[in-house]
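Asker:
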Amino acid sequence: MQFDKSVLVEGFIAETNEHIDTINDCVISLRNDAGNSDMIASVLRELHTVKGTSRMMGYPSLEQLAHGLEDVFKGIQQGKYKLNDQIVQLSFLTGDCVRRGLSHIHEDGTDDVDVSAFLKVFAKAAAGELFSTDMIEDRNNQETAAGESSGENETDTRSLGNITTIRVSIERINMIIQSFDNLITRQFRLKHQLEELKLFEQSLGSGDKNTGITGIKHSVRRIRKQIEEDLSLMENSVLNTQHLVLDLRMLPLDMLFSPLKKTIESEALALGKDVTFDIPQTDSMLDKIILEQLNDVLLHLVRNSIDHGIESPEERRALGKNPQGLISVHTRQIASYVVITVADDGNGIRYDKVRDKAAGMFPEQAKAIAEMDERGLQQYLFLSGFSTREETTALSGRGVGLDIVRTSMEKIKGKIRLRSKLHEGTEFELTIPLSLATQQGLFVYAGERKFLIPSHYITEITAVSAERFIDMQNQTVITVHDQLIPVYYLSSILGGAKTETASSVIVVEYLEKQLAVVVDRIEQYVNVVVKPLPPLMRDFGALEGIVFDENYAIIPILHIPEIMSRLRTLPAYDIKKYEAKNERRIYTVLVVDDSNTTRQIEKTIFEASGYQVETAVDGIDALDKMRARHMDAVVTDIKMPRMDGLVLVNNIRRLEEYADTPVIIVSAVYDPEVKAQFMDAGVQAFIVKSDFQRGNLVQAVKELLGEEY
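Per the numbering used here, residue 745 is the first one in the sequence shown, and the count goes up by one each step.
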């Protein structure tokens, strides 16, 4: 019987990654305790296991790597030579190569990595001869560059995206089963109570209506209370089950810290710097999707600290510092968020250089940049390609700066706070949700449109007060805690007219920038399940997802970083012009479709473009609403119950006030004959759903209404 290793591959990859983590941890410990025989024995056990399992699985390259490094550590165990920085670096590079092999196995089933250079170095090291890892590092950098150019992750550490299995304890499975059992029990009770109600209905339908009415009322009241109680318990069970299932995707934050420690040691050795670290263990669990992005963020911040922050031992001595630099990564959990602080005791940020560089990149902003405080200058550090370094190193030459940190944090709905003091160090504080599956925030209204503002961006909520609004150089600002914060109406931000019913101001913050958003009404604070944007809404950058409210209506989530980025591009003198442009007539569009999902998506698209929207479920409903209220344009489906699209169009054209009203068909299928029928009936545009995009639908309506697009 032929051995089928495919069923074991994922387990092999996961276990080998764990072995590499353990080896790296042991090697890091041995740097400070080189004579620890137990630690050396642990390294040899791990390497022996990797060698054996690789041989059994038929991966010769991985077997050779493990065997070669095993020979090197046997020499240390036998006292032939001592652990030194070169062997430490060789160990790290070997682990990176093993992980590249694991990535190849995951992608195409082969451990296709070139180990020839490693084998030559292993032979020299095991013989106690002088050796260099330069050849390996050059090859490693070439392969890394090739991976980056093809869109692969820039790091050589374990790829979290390759984790397709998660270990789940029996206890957690039992909790889910128990929660489902509770739901089934409540379901049976509700069915029984419904049967009782049917019997009462039958008894009321026969005999003397006055007979036993009082008793029936008492019974109905009793059943109603039972149903209310069971519904409440079912809601709790559903919520509990939802949390239990979502928690299955959670992974320990600690799994990022072992590669992080290895990175600090490896990169410091490469740059000739003496760096230690303080990275305590944490019990925090994060969504796998968040960990994937956070991995790059932490690695980049640590590399940034080593390359830009920590001085050389000679420079540190001259400044009266400990020659050994310190990088710390501390975590704490606050409610449904984890706060990670990445700090170094290096030279801090030279804000004078930041100011000069920013003025050179943006000469039109030179005057404003010259007057900015340190907090204002921080925004430039997160721009793509921004760096104050004149010379490049293997790390600083990557050309991505802190832009990758900003974009990754935006993807996981995180916040960044930066603190730095010259010659004392720099600290990045990352606030990250534990999961992307749910979102806390405020339901707010801009006119009749409803949106969700995520709570982690909100710093202040206050009532609209005219005396707190100040006009400064054509920019309206509001005073909050002695700070002047620019004010924008949410309705204007989203392309509509500024409303006159504004009641509240919500101050949001991102990357040390604040914005006061004026809304018409705050409905409530909610914690809801997040859904991705439907394909038709994904090109609308101001939105980051959707949720459903209690009426199952689609509510867009505002993407605050994108909104703030857009508004920062508007010069202050253009603000009045920008808001005046939006003081236009608000048109009303009628969306007709028997699919609730389609209605909600099209409604959201038009509202996001500044239109008022009414919806109808079919042609009859549409005509009723058109008679009750004037519509400026109609967007309708073809096949609907009661009255289809063609009959609806014919009826619309019979109404004198709608003889020239734009009518657009959005159809699931394209049939030239059907299209001709509709065009003959007076339709101005025919859009097929397969070709549907938010832009072409809105553009069609704007053109037919005579608006600029």
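C-beta: ideal position from N, C-alpha, C; glycine also.
None of the values given here were measured: they were computed from a predicted structure.
Under 8 angstroms by Cβ, that's how I've got residue 715 and residue 978 pegged, so tell me the actual separation to the nearest angstrom.
Answerer: Here the chain has residues from 745 to 1453 only, and residue 715 is not among them.
Asker: What are the residues that DSSP puts in a beta bridge with residue 1301?
Answerer: DSSP output for residue 1301 lists 1196, 1289 as bridge partner(s).
Asker: Relative to the alpha-carbon of residue 781, which residue among 797, 820, 923, 803 has its alpha-carbon at the smallest distance?
Answerer: Taking only the C-alpha atoms, the option nearest residue 781 is 820.
Asker: Does residue 1017 pass the burial test, meaning 16 or more other C-beta atoms within 10 Å, or should it be called exposed?
Answerer: Buried is the call here.
Asker: Give the DSSP bridge partners of residue 1070, in chain order.
Answerer: Note: residue 1070 sits in a beta bridge opposite 1020.
Asker: Identify the continuous beta strand (DSSP E) that holds residue 1259 and give its terminal residues.
Answerer: That run of the beta strand (DSSP E) goes 1257-1263.
Asker: Using 8 angstroms for Cβ pairs, my map puts residue 1188 next to residue 1265. What's the rounded Cβ distance?
Answerer: Between residue 1265 and residue 1188 the Cβ distance is about 7 angstroms, and since that is below 8 angstroms, they are a contact.
Asker: Beta strand (DSSP E) containing residue 1003: first to last residue?
Answerer: Unbroken run through residue 1003 is the alpha helix (DSSP H), 1001-1015; no beta strand (DSSP E).
Asker: Can you have a look at residue 922 and say buried or exposed, based on whether 16 or more other CB atoms are within 10 angstroms of its CB?
Answerer: With fewer than 16 Cβ atoms within 10 Å of its Cβ, residue 922 is classed as exposed.
Asker: Assess, as a yes-or-no matter, whether the region 1014-1032 is touched by the region 1052-1068 under the definition of 3 or more beta carbon pairs within less than 8 angstroms.
Answerer: Yes, the region 1052-1068 touches the region 1014-1032.
Asker: When DSSP labels each residue in this structure, what does residue 851 get in the three-state scheme?
Answerer: Three-state DSSP puts residue 851 in a helix.
Asker: Per DSSP, what are the beta-bridge partners of residue 994 in this structure?
Answerer: According to DSSP, which records beta bridges pairwise, residue 994 is partnered with 1031.
Asker: Just checking my contact of residue 811 with residue 795 at CB under 8 angstroms: how many whole Å lie between their CB atoms?
Answerer: Right, the Cβ-Cβ distance comes to about 5 angstroms (below 8 angstroms), so this counts as a contact.
Asker: Would you identify the three-state DSSP class for residue 1418, choosing helix, strand or coil?
Answerer: It is helical.
Asker: Do you know offhand how far residue 1318's Cα is from residue 1237's?
Answerer: Residue placement at residue 1318 is flagged as unreliable, the pLDDT there being 39, under the threshold of 50; a coordinate-derived value is accordingly withheld.
Asker: With a CB to CB cut of under 6 angstroms and the five nearest residues on each side skipped, what residues in its chain are close to residue 1324?
Answerer: Annotation note: pLDDT 48 at residue 1324 (below 50); position unreliable, coordinate value reported separately. If we look at residue 1324 and ignore the five residues flanking it on each side, it has no Cβ neighbours.
Asker: Among 1333, 1192, 860, 809, whose alpha-carbon lies nearest the alpha-carbon of residue 840?
Answerer: Comparing Cα positions, the closest option is 809.
Asker: Between the Cα of residue 1060 and the Cα atoms of 1091, 1034, 818, which residue gives the shortest distance?
Answerer: The shortest C-alpha separation from residue 1060 is found at 1091.
Asker: Would you give the residue range spanned by the beta strand (DSSP E) that residue 822 belongs to?
Answerer: Segment: none, residue 822 is in no beta strand (DSSP E) and carries neither H nor E.
Asker: Give the secondary structure of residue 1039 by DSSP, where H, G and I count as helix, E and B as strand, and everything else as coil.
Answerer: Helix.
Asker: How far does the alpha helix (DSSP H) with residue 789 in it extend, from its first residue to its last?
Answerer: Its alpha helix (DSSP H) spans residues 781-801.
Asker: Below 8 angstroms on the Cβ atoms is my contact criterion, and I expect residue 1301 with residue 1280 to pass it. Report the Cβ-Cβ distance as a whole number of Å.
Answerer: Residue 1301 to residue 1280, Cβ: 16 angstroms. No contact.
Asker: With a CB to CB cut of under 8 angstroms and the five nearest residues on each side skipped, what residues in its chain are close to residue 793?
Answerer: Only 763 meet the Cβ criterion.
Asker: Going along the chain, which residues of its own chain have a beta-carbon closer than 8 angstroms to the beta-carbon of residue 1167, five neighbours each way excluded?
Answerer: Around residue 1167: 1063, 1091, 1092.
Asker: Note the first and the last residue of the continuous alpha helix (DSSP H) segment covering residue 773.
Answerer: Where residue 773 is concerned, the enclosing alpha helix (DSSP H) stretches over 753-776.
Asker: Going by the CB atoms, is the gap between residue 1234 and residue 1181 shorter than 7 angstroms?
Answerer: Cβ distance not < 7 angstroms, so residue 1181 and residue 1234 don't count as in contact.
Asker: On the three-state DSSP scale, how would you describe residue 1393?
Answerer: Here residue 1393 sits in helix by DSSP.
Asker: Could you say which of 776, 791, 814 lies nearest to residue 766 if we only look at CA atoms?
Answerer: Among 776, 791, 814, the Cα nearest to that of residue 766 is on 791.
Asker: Of all the options 1119, 1385, 993, 1032, which has the alpha carbon lying nearest to the alpha carbon of residue 1098?
Answerer: Of the candidates 1119, 1385, 993, 1032, the one whose C-alpha sits nearest the C-alpha of residue 1098 is 1119.
Asker: Over the uninterrupted beta strand (DSSP E) stretch that includes residue 1185, give me the two end residues.
Answerer: 1182-1190 is the span of the beta strand (DSSP E), which, as asked, contains residue 1185.
Asker: Using the C-alpha atoms, what's the distance from residue 1160 back to residue 1126?
Answerer: C-alpha separation (whole angstroms): 10 angstroms.
Asker: Would you kindly check if the distance between the Cβ of residue 1252 and the Cβ of residue 1201 is under 7 angstroms?
Answerer: Result yes, Cβ atoms of residue 1201 and residue 1252 sit closer than 7 angstroms.
Asker: Using DSSP with H/G/I as helix, E/B as strand and the rest coil, what is residue 1098?
Answerer: Helix at residue 1098.
Asker: Under 7 angstroms between the Cβ atoms of residue 1152 and residue 1227?
Answerer: No, the pair does not count as a contact, with Cβ atoms beyond the cut-off.
Asker: Within 10 Å of its beta-carbon, does residue 1342 have 16 or more other beta-carbons around it, so buried, or fewer, so exposed?
Answerer: Buried, by the Cβ-count rule.
Asker: Between the Cα of residue 1431 and the Cα atoms of 1368, 1078, 1277, 1412, which residue gives the shortest distance?
Answerer: Of 1368, 1078, 1277, 1412, the residue nearest in Cα terms is 1412.
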